[in-house]
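Let me begin by presenting the structure, written as structure tokens, before commenting on it.
Protein chains: 2
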Amino acid sequence: MVEQFIEYVEKHQNDFIERLRKAVAIPSVSSDPNRRQDVFRMSEFLIDELKALGAINVETRDPGQQDFHGTPLPLPPIVLATVGNDPAKKTILVYGHYDVQPALLEDGWNTDPFTLVENDKQQLLGRGSSDDKGPVLGWINVVEAHKSLGLEMPVNLKFCLEGMEESGSEGLEPIIYQEADKYFKDVDSVCISDNYWLGTTKPCLTYGLRGVSYFHLTVQGPARDLHSGVFGGTVHEPMTDLFALMSKLVSPDGKILVPGIYDQVRPLTDAEEKTYDNLAFEMHELHDAVGSAINIHDSVRGVLQHRWRFPSLSLHGVEGAFYSPGDKTVVPARVVGKFSIRTVPDMGLDKVTELVTKYINDEFNKLNSKNTMKIVCSHAGNHWLASPEHWSYVAAAKAVERVYKVKPDLTREGGSIPITLTFQDALKRNVLLLPMGRGDDGAHSINEKLDRSNYVEGTKLLGAYLYEIAAAKAE
Amino acid sequence: MVEQFIEYVEKHQNDFIERLRKAVAIPSVSSDPNRRQDVFRMSEFLIDELKALGAINVETRDPGQQDFHGTPLPLPPIVLATVGNDPAKKTILVYGHYDVQPALLEDGWNTDPFTLVENDKQQLLGRGSSDDKGPVLGWINVVEAHKSLGLEMPVNLKFCLEGMEESGSEGLEPIIYQEADKYFKDVDSVCISDNYWLGTTKPCLTYGLRGVSYFHLTVQGPARDLHSGVFGGTVHEPMTDLFALMSKLVSPDGKILVPGIYDQVRPLTDAEEKTYDNLAFEMHELHDAVGSAINIHDSVRGVLQHRWRFPSLSLHGVEGAFYSPGDKTVVPARVVGKFSIRTVPDMGLDKVTELVTKYINDEFNKLNSKNTMKIVCSHAGNHWLASPEHWSYVAAAKAVERVYKVKPDLTREGGSIPITLTFQDALKRNVLLLPMGRGDDGAHSINEKLDRSNYVEGTKLLGAYLYEIAAAKAE
Numbered sequence: 323m324v325e326q327f328i329e330y331v332e333k334h335q336n337d338f339i340e341r342l343r344k345a346v347a348i349p350s351v352s353s354d355p356n357r358r359q360d361v362f363r364m365s366e367f368l369i370d371e372l373k374a375l376g377a378i379n380v381e382t383r384d385p386g387q388q389d390f391h392g393t394p395l396p397l398p399p400i401v402l403a404t405v406g407n408d409p410a411k412k413t414i415l416v417y418g419h420y421d422v423q424p425a426l427l428e429d430g431w432n433t434d435p436f437t438l439v440e441n442d443k444q445q446l447l448g449r450g451s452s453d454d455k456g457p458v459l460g461w462i463n464v465v466e467a468h469k470s471l472g473l474e475m476p477v478n479l480k481f482c483l484e485g486m487e488e489s490g491s492e493g494l495e496p497i498i499y500q501e502a503d504k505y506f507k508d509v510d511s512v513c514i515s516d517n518y519w520l521g522t523t524k525p526c527l528t529y530g531l532r533g534v535s536y537f538h539l540t541v542q543g544p545a546r547d548l549h550s551g552v553f554g555g556t557v558h559e560p561m562t563d564l565f566a567l568m569s570k571l572v573s574p575d576g577k578i579l580v581p582g583i584y585d586q587v588r589p590l591t592d593a594e595e596k597t598y599d600n601l602a603f604e605m606h607e608l609h610d611a612v613g614s615a616i617n618i619h620d621s622v623r624g625v626l627q628h629r630w631r632f633p634s635l636s637l638h639g640v641e642g643a644f645y646s647p648g649d650k651t652v653v654p655a656r657v658v659g660k661f662s663i664r665t666v667p668d669m670g671l672d673k674v675t676e677l678v679t680k681y682i683n684d685e686f687n688k689l690n691s692k693n694t695m696k697i698v699c700s701h702a703g704n705h706w707l708a709s710p711e712h713w714s715y716v717a718a719a720k721a722v723e724r725v726y727k728v729k730p731d732l733t734r735e736g737g738s739i740p741i742t743l744t745f746q747d748a749l750k751r752n753v754l755l756l757p758m759g760r761g762d763d764g765a766h767s768i769n770e771k772l773d774r775s776n777y778v779e780g781t782k783l784l785g786a787y788l789y790e791i792a793a794a795k796a797e
Numbered sequence: 323m324v325e326q327f328i329e330y331v332e333k334h335q336n337d338f339i340e341r342l343r344k345a346v347a348i349p350s351v352s353s354d355p356n357r358r359q360d361v362f363r364m365s366e367f368l369i370d371e372l373k374a375l376g377a378i379n380v381e382t383r384d385p386g387q388q389d390f391h392g393t394p395l396p397l398p399p400i401v402l403a404t405v406g407n408d409p410a411k412k413t414i415l416v417y418g419h420y421d422v423q424p425a426l427l428e429d430g431w432n433t434d435p436f437t438l439v440e441n442d443k444q445q446l447l448g449r450g451s452s453d454d455k456g457p458v459l460g461w462i463n464v465v466e467a468h469k470s471l472g473l474e475m476p477v478n479l480k481f482c483l484e485g486m487e488e489s490g491s492e493g494l495e496p497i498i499y500q501e502a503d504k505y506f507k508d509v510d511s512v513c514i515s516d517n518y519w520l521g522t523t524k525p526c527l528t529y530g531l532r533g534v535s536y537f538h539l540t541v542q543g544p545a546r547d548l549h550s551g552v553f554g555g556t557v558h559e560p561m562t563d564l565f566a567l568m569s570k571l572v573s574p575d576g577k578i579l580v581p582g583i584y585d586q587v588r589p590l591t592d593a594e595e596k597t598y599d600n601l602a603f604e605m606h607e608l609h610d611a612v613g614s615a616i617n618i619h620d621s622v623r624g625v626l627q628h629r630w631r632f633p634s635l636s637l638h639g640v641e642g643a644f645y646s647p648g649d650k651t652v653v654p655a656r657v658v659g660k661f662s663i664r665t666v667p668d669m670g671l672d673k674v675t676e677l678v679t680k681y682i683n684d685e686f687n688k689l690n691s692k693n694t695m696k697i698v699c700s701h702a703g704n705h706w707l708a709s710p711e712h713w714s715y716v717a718a719a720k721a722v723e724r725v726y727k728v729k730p731d732l733t734r735e736g737g738s739i740p741i742t743l744t745f746q747d748a749l750k751r752n753v754l755l756l757p758m759g760r761g762d763d764g765a766h767s768i769n770e771k772l773d774r775s776n777y778v779e780g781t782k783l784l785g786a787y788l789y790e791i792a793a794a795k796a797e
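Residue numbers (our numbering), protein chains in the order written: chain A, 323 to 797; chain B, 323 to 797.
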């Protein structure tokens with residue numbers, strides 16, 4: 323039956339591209355209030371598609387209103403849909419989003435961003451092609467294939483589609499918690515297709531994400547900004563203290579200098595070390611991505627381990643200081659240094675805050691400054707690590723081998739995808755990240771694309787994954 | 323004759339306040355293009371006053387146009403005027419400015435900023451009362467007194483009045499150089515009344531200013547801003563390097579860490595040390611000015627020496643980094659740290675740049691970073707030091723004793739007044755800074771004021787100073 327499905331996808335790929343063309347034509351930019359109507363229009367497009375394919379139950383949840391710089395804006399609905407409800411089958415929840423990043427031709431796009439264009443490299447160019455309309459439609463294509471073929475779906479599918487992902491998923495989290503025992507009650511596992519292959523040649527399964535703890539380090543001195551001519555040399559300047567403190571956080575080669583941080587990092591075992599063999603990534607891909615040969619580590623293994631499984635600390639900026647071009651001789655009265663730590667297992671959020679707070683306080687005391695200092699963690703999101711031995715991962719790996727004839731890379735990511743943790747925490751179920759697009763798709767850049775092959779083989783992969791789940795259950 | 327003059331000023335003080343009221347009523351804010359017409363109107367007011375008093379020659383020079391963010395704006399004229407041209411007398415050039423800082427009632431003024439109001443402390447409140455309309459009119463009052471009394475002026479006076487001082491004196495410098503051998507040919511000395519007493523109780527003569535050398539320290543890494551989740555820990559981050567370098571410039575207690583800087587500083591002699599005895603300044607005045615007890619030095623002597631005669635280094639900000647409220651996990655691609663050094667005799671501008679450049683390069687090399695670094699001096703203005711033994715200072719000191727019955731403080735300032743150096747360099751003449759207002763006048767703040775006594779006694783002082791010059795010449 324999976325063969326029939328795969329054949330159908332191969333044959334009907336141009337129809338699927340038509341579906342993607344229609345979706346890309348709706349400029350559902352969630353960050354632009356003038357496009358909010360289009361985000362709603364995109365939700366209706368999906369609801370219509372799902373209803374037409376006989377999803378037995380299409381519902382929406384209203385996340386309410388957004389406070390957009392003081393103006394209330396209605397939030398687009400969470401679209402929930404169910405395909406099949408056979409208690410004998412596993413139930414897989416798929417998450418995706420139907421909003422997109424902003425895009426303007428004048429940003430440097432070669433073609434109109436909201437008109438899907440296939441170039442001579444068989445790449446489908448358009449905003450949202452890869453992030454995340456292609457993958458969302460991939461699931462719908464799977465349902466269409468089964469309906470057209472008169473085939474029973476191998477599992478029950480539930481959809482959860484949101485329209486605010488590119489704007490912080492506003493309003494989604496409470497709904498997931500509310501529906502955990504209701505709409506999502508029978509879910510056995512969650513699959514999210516909203517990330518990318520490590521490189522451009524080999525599919526991957528993603529089983530880990532780093533967390534992030536963000537800090538605000540405030541130094542306050544005078545009651546108001548001062549003139550450096552009149553006061554320079556006579557008063558303790560907050561900027562001097564701030565730079566002294568922030569320079570002690572991380573070394574130029576990326577080592578975190580906060581004592582105790584590395585004690586919390588799970589040791590690298592031989593078994594884990596082996597997972598870094600043969601990953602489809604080369605150093606030039608890092609250089610290309612950053613536009614410069616500024617790698618700290620000389621091996622690909624070193625790069626990926628420091629992206630995925632070691633913590634890092636970055637200095638982001640200073641609030642309250644002079645930031646414009648030109649010269650200004652101000653002594654800022656109150657400055658807030660911003661930095662964050664990317665966290666990994668087994669670092670505890672509270673422990674990280676405790677270590678940073680103690681260290682910064684100790685270092686500030688050494689300065690003998692008369693200024694006042696405050697360090698707070700403004701935001702903390704946990705790291706996430708799933709087991710690649712879980713049946714959902716095993717099924718996905720088999721599906722990759724069936725469709726692509728290779729074993730997938732097992733990857734993690736350096737950034738965070740907060741919704742992953744939310745699903746895990748709210749539903750207490752395994753979450754699999756199963757990407758459709760390639761590492762060079764340019765999801766948030768100009769000329770976003772999804773290769774035709776990734777869309778077509780990706781649709782096959784999503785379906786094959788469901789068959790492998792059903793097969794595993796039957797064993 | 324000086325007694326007659328002083329009596330006249332005492333008697334006619336309310337007329338002089340009327341003159342100041344008319345001047346304050348013209349909102350000649352040079353930084354606001356919508357007020358540019360008022361700046362011109364203010365120049366006409368002064369020209370009319372000078373002509374009415376029989377200045378033998380009132381001319382203007384046109385500095386041309388200003389490029390205001392792409393829009394050309396006409397610059398207000400430089401007003402030149404001559405009172406007396408007796409070759410047997412000394413010729414004193416007085417400089418002042420007729421533009422003012424911005425001021426809005428809603429900034430927190432207690433009264434309309436452009437309506438002169440005398441409060442119950444006999445303070446004349448209004449924008450420009452002290453900076454610099456009061457002093458400019460002080461000179462005009464002196465001329466009026468002589469004309470009314472039928473008295474001959476003790477010296478020849480030349481005026482040079484500009485309308486762009488609060489906006490960088492745009493267009494003035496070339497005119498001073500052009501007129502050095504022409505309109506300013508016979509000038510023997512220059513007097514500027516555009517600064518303030520050290521405190522609130524005792525007049526001063528100001529004979530020194532610090533210079534300033536401003537630096538831009540650029541670190542460039544990736545070709546574009548990066549996401550700290552994806553790249554944190556794998557690439558050399560420009561912010562890390564920048565903070566490492568800038569933290570090595572100055573210690574929390576204000577010591578400049580650039581090797582060799584202090585070798586250039588003129589040693590403090592016993593004679594100079596004595597000039598710091600009995601200065602009218604108390605520690606609470608520093609605390610009041612900055613709104614916090616963050617003094618580095620415990621003695622007034624230490625505070626003033628570090629304001630006036632030792633160099634200082636301040637960190638001003640970072641261009642290119644995150645500076646808004648909130649959290650953003652950006653790794654900035656290119657950041658420019660801004661800092662400046664206040665310079666003093668005998669520091670050479672080129673030597674300062676050389677020492678800073680070498681030090682920063684050495685420190686950057688120690689970082690072993692793959693980023694690129696560039697350090698440039700974006701602007702350098704020299705320090706200035708006049709001799710308090712010059713006849714112009716001696717005359718001013720005697721005039722203070724005559725009017726105020728005290729010996730003036732001999733002060734320097736920590737900031738720079740670039741026009742002082744321009745006059746000295748262009749005319750090769752001594753420059754005296756002879757303030758009229760007090761240290762708490764709030765020149766650039768809300769509720770700017772000039773005490774009635776400072777305006778009246780200050781007018782007497784300016785006239786008495788001219789008499790002392792004439793008397794000294796006669797000796």
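Built from N, CA and C at the ideal position, the CB exists for glycine as well.
- Boundaries of the beta strand (DSSP E) harbouring N478 (chain A): 478-484, taken from the DSSP string.
- In the three-state reduction of the DSSP assignment, K729 (chain A) falls in the coil class.
- One finds E641 in chain B with Cβ atoms closer than 7 Å to the Cβ of P647 (chain A), taken in chain order.
- Between the beta-carbon of L531 (chain A) and that of F661 (chain A) there is about 20 Å, and that puts the pair past the 8 Å contact cut.
- A residue is called buried once 16 or more other Cβ atoms fall within 10 Å of its Cβ, and A718 (chain A) is buried on that count.
- At a Cβ-Cβ threshold of 8 Å, K480 (chain B) and G376 (chain B) do not count as neighbours.
- Rounded to the nearest angstrom, the gap between the Cα atoms of Q444 (chain B) and R774 (chain B) is 6 Å.
- DSSP, read as helix, strand or coil, puts Y584 (chain B) in helix.
- As the crow flies, the alpha-carbon of T523 (chain A) is around 14 Å from that of V725 (chain A).
- Flagged as an interface residue toward chain B: H558 (chain A), by a C-beta distance shorter than 8 Å.
- A straight line joining the alpha-carbon of A566 (chain B) with that of D453 (chain A) spans about 38 Å.
- In this structure, the CA atom of V658 (chain B) is about 11 Å from the CA atom of G639 (chain A).
- Listed in chain order, the positions of the stretch 606-620 of chain B with a beta carbon within less than 7 Å of a beta carbon of chain A are L608, V612, G613, S614, A615, I616, N617, I618, H619.
- Here L459 (chain A) carries a helix assignment [DSSP, helix/strand/coil].
- At least 8 Å separates the CB of S491 (chain B) from every CB of chain A.
- For L772 (chain A), the uninterrupted beta strand (DSSP E) segment begins and ends at 771-773.
- Between D684 (chain A) and L539 (chain B), the alpha-carbon positions lie close to 29 Å from each other.
- Cβ-Cβ distances below 7 Å link N441 (chain A) to L447 in the same chain, with the five nearest sequence neighbours on each side left out; the list follows chain order.
- With a beta-carbon spacing of about 6 Å, I663 (chain B) and V674 (chain B) fall inside the 8 Å limit used to define contacts.
- In terms of Cα proximity to G703 (chain B), the closest of B:A410, B:R383, B:L671, B:D429 is B:L671.
- For L446 (chain B), the enclosing beta strand (DSSP E) covers residues 445-447.
- Straight-line spacing of the CA atoms in D434 (chain A) and L426 (chain A) works out to 8 Å.
- The stretch 339-346 of chain B and the stretch 548-558 of chain A do not touch, with fewer than 3 CB-CB distances between them shorter than 8 Å.
- Residue contact with chain A for D684 (chain B): absent (no Cβ-Cβ distance below 8 Å to any residue of chain A).
- In this structure, the beta-carbon distance from E501 (chain A) to L397 (chain A) does not fall below 8 Å.
- Proximity of chain B to H549 (chain A) at the Cβ level (cut-off 7 Å) is accounted for by G737, in chain order.
- Looking at the backbone, the Cα of G450 (chain B) and that of A765 (chain B) are separated by about 7 Å.
- Each residue's CA atom was taken as its position, placing A410 (chain A) and S515 (chain A) some 25 Å apart.
- One finds S636, L637, H638, G639 in chain B with Cβ atoms closer than 8 Å to the Cβ of M561 (chain A), taken in chain order.
- The C-beta distance from N463 (chain A) to T781 (chain A) rounds to 5 Å, short enough to fall under 8 Å.
- Scanning chain B for C-beta atoms nearer than 9 Å to the C-beta of F553 (chain A) yields L608, A611, V612, R629, S634, S636, G736, reported in chain order.
- Across the structure, N687 (chain B) and G582 (chain B) are spaced so that their CA atoms are roughly 19 Å apart.
- When DSSP assignments are scanned along the stretch 681-715 of chain A, no uninterrupted stretch of alpha helix (DSSP H) that is 4 or more residues long falls wholly within it.
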